[in-house]
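Asks:
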Amino acid sequence: MILLIQYLVLLILLSSILFYLISYYKKIRIFNTEVNLQTQKISQDKLEDEENYLESIYQTLIKRYPLSNINNKKTYNHNKQILAKIKQAFDEKNIEQLKSFL
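Those letters in the sequence shown? Residues 245 to 346, per the numbering used here, in order.
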């Protein structure tokens, strides 16, 4: 009889430890999921900021080298070549190359 009570106490003790470990594991999993979501949001924000930065440089450079001066063929061809290089750098997302045109 005493042995049966000891087994029951041991079973209750082990089940409570198991319950605690499971709940602790769930809390860790939820925390890791929240951290991963925050990290993804931060990296997405950085990517959007970089794309906005690239776009602003690109728009500035397009305004700096206009193709509206058709009367001066030399300037027109020069600006056209530079704009082609700028477009290529923008497509490749090469910030350093875009900055070199500023």
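Beta carbons are placed, not taken as given, at the ideal position from N, Cα and C, and that holds for glycine.
Hey, ILE320 and LEU327 are a contact pair by Cβ (cut 8 Å); roughly how many whole angstroms apart?
Replies: On the sequence shown, residue 320 is found 76 positions in, with the first residue counted as 1. On the sequence shown, residue 327 is found 83 positions in, with the first residue counted as 1. Sequence check: residue 320 is Tyr here, not Ile. Not a contact, Cβ separation roughly 11 Å.
Asks: Measuring only the C-alpha atoms, how far is LEU254 from LYS270?
Replies: Locating residue 254 in the sequence shown gives position 10, where the first residue counts as 1. Locating residue 270 in the sequence shown gives position 26, where the first residue counts as 1. Whole-angstrom Cα-Cα distance: 24 Å.
Asks: Mapping the DSSP letters down to three states, classify SER312 as helix, strand or coil.
Replies: The residue labelled residue 312 in the question sits at position 68 within the sequence shown. When secondary structure is reduced to three states using DSSP, SER312 falls in the coil class, being assigned neither helix nor strand.
Asks: Relative to the C-alpha of PHE240, which candidate in HIS322, LYS318, LYS317 and GLU294 has its C-alpha closest?
Replies: This structure cannot settle anything about residue 240, because the visible part of the chain is limited to 245 through 346.
Asks: Can you find the residues in the same chain that come closer than 8 Å, C-beta to C-beta, to ILE330, ignoring five residues on each side of it along the sequence?
Replies: The sequence position of residue 330 within the sequence shown is 86, counting from 1. Its chain contains TYR302, LEU305, ILE306, TYR309, LEU342 and PHE345 as the residues whose beta carbon lies nearer than 8 Å to that of ILE330, once the 5 sequence neighbours on both sides are disregarded; these appear in chain order.
Asks: With C-beta atoms as the reference, is ILE339 less than 8 Å away from LEU291?
Replies: Residue mapping note: residue 339 aligns to position 95 of the sequence shown, counting from 1. Residue mapping note: residue 291 aligns to position 47 of the sequence shown, counting from 1. Not in contact: ILE339 and LEU291 (Cβ atoms no closer than 8 Å).
Asks: Give me the Cα-Cα distance between ASN296 and LYS337, rounded to the nearest whole angstrom.
Replies: Translated into positions along the sequence shown, residue 296 becomes position 52. Translated into positions along the sequence shown, residue 337 becomes position 93. Our two residues, ASN296 and LYS337, have alpha carbons roughly 11 Å apart in a direct line.
Asks: What does a CB cutoff of less than 8 Å around ASN323 pick up in its chain, not counting 5 residues either side in sequence?
Replies: For the purposes of this step, residue 323 is taken as the residue at position 79 of the sequence shown. So the list reads TYR309, PRO310, LEU311 and ASN313, once near-sequence residues are dropped.
Asks: Can you determine whether any heavy atom of the ligand GDP sits closer than 7 Å to the C-beta of THR304, and answer yes or no?
Replies: The ligand GDP is not part of this structure, which contains no ligands at all.
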